Amino acid sequence: MDNTIFLLSVTAVSIGFFHTLLGPDHYLPFIVLSEARKWSLRKTMIITFLCGLGHVLSSVVLGMIGIAVGISVNKLVDVESFRGNIAAWLFIAFGLVYMIISLRNLYRKKKHTHHHFHYGSDDHAHEHDHQKDHIHVHEKDVAKTTPWILFLIFVFGPCEPLIPILMYPAAENNIAGVITVSVLFSVVTIATMMGVVLAFKLGLSRINLKPVERYSHVIAGAVIFLSGIAIQFLGL
Numbered sequence: 009m010d011n012t013i014f015l016l017s018v019t020a021v022s023i024g025f026f027h028t029l030l031g032p033d034h035y036l037p038f039i040v041l042s043e044a045r046k047w048s049l050r051k052t053m054i055i056t057f058l059c060g061l062g063h064v065l066s067s068v069v070l071g072m073i074g075i076a077v078g079i080s081v082n083k084l085v086d087v088e089s090f091r092g093n094i095a096a097w098l099f100i101a102f103g104l105v106y107m108i109i110s111l112r113n114l115y116r117k118k119k120h121t122h123h124h125f126h127y128g129s130d131d132h133a134h135e136h137d138h139q140k141d142h143i144h145v146h147e148k149d150v151a152k153t154t155p156w157i158l159f160l161i162f163v164f165g166p167c168e169p170l171i172p173i174l175m176y177p178a179a180e181n182n183i184a185g186v187i188t189v190s191v192l193f194s195v196v197t198i199a200t201m202m203g204v205v206l207a208f209k210l211g212l213s214r215i216n217l218k219p220v221e222r223y224s225h226v227i228a229g230a231v232i233f234l235s236g237i238a239i240q241f242l243g244l
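The opening position of the sequence shown corresponds to residue 9 in the working numbering, with each subsequent residue numbered one higher.
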């Protein structure tokens, strides 16, 4: 390994770690949805891993195609920027819809009293809510599709530094260097995502969240929505 590839490898590890750590959209959605949907630790880790894999592979494949056919790095940066906009708006839309559905379900679960008067008997009251059985069926459908929606969003989400800072400079030496920096960046990115999610998951398991448990879905939707806002308008 020559000095250029060695330096790019060190850069790949550094960028993979700090880019992921400083981008809360890489881990917050998994943390809040895991708590809201009561995912097991194993399920949470698998979903995080698969989404991270889709996230990095989409940029790696695009970079490899660009290098193979000679597409300029500026054009690929534009493509990555376009993909980033799509991912941000998908985050915003998903979070907003999830939050609205959660607020609606929270209202339907709220018990209230109705008074009735029957001829020949005393006035009486009973409590009920608007949470019908068919709503539980819809909630199961949402539970099944949520991981796939997350995966789709992360596939659209680009790894902005990978192609212009790592892959194209490495391609000036040899294809083995491109593979090396791509693998290092991918492994560190996914490992950092999983590490942060694991740390939060274990930490939250030691905290009593019962007081806010009924609002967990609303909080999850709000966090995802705000993550999308941060990506789109704050450049995080």
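Where a beta carbon is used, it is the ideal one built from N, C-alpha and C, also for glycine. Remember, it's a predicted structure, so these values are computed and weren't measured experimentally.
A Cβ-Cβ distance of about 6 angstroms is found for the pair Phe99 and Ser235, placing them in contact under the 8 angstroms criterion. Cβ neighbours of Val186 within its own chain (closer than 6 angstroms, five residues either side excluded): Met175, Ala178 and Ala179.
DSSP places His34 outside any alpha helix (DSSP H), giving it a letter other than H or E.
The continuous alpha helix (DSSP H) containing Cys59 extends over residues Leu49 to Val77. In this structure, Val85 sits away from Pro155, with a CB-CB distance that is not shorter than 9 angstroms. Residue environment for Leu242: exposed (fewer than 16 other C-beta atoms within 10 angstroms of its C-beta). Cβ neighbours of Val195 within its own chain (closer than 8 angstroms, five residues either side excluded): Gly24. With a contact defined as Cβ atoms closer than 8 angstroms, Ser67 and Pro166 qualify at about 5 angstroms. Shown here for Leu41: same chain residues with a beta carbon closer than 6 angstroms to its own, the five before and five after excluded, namely Ala228 in chain order. Its Cα nearest to that of Phe233, the residue Trp97 stands out among Arg112, Ile75 and Trp97.
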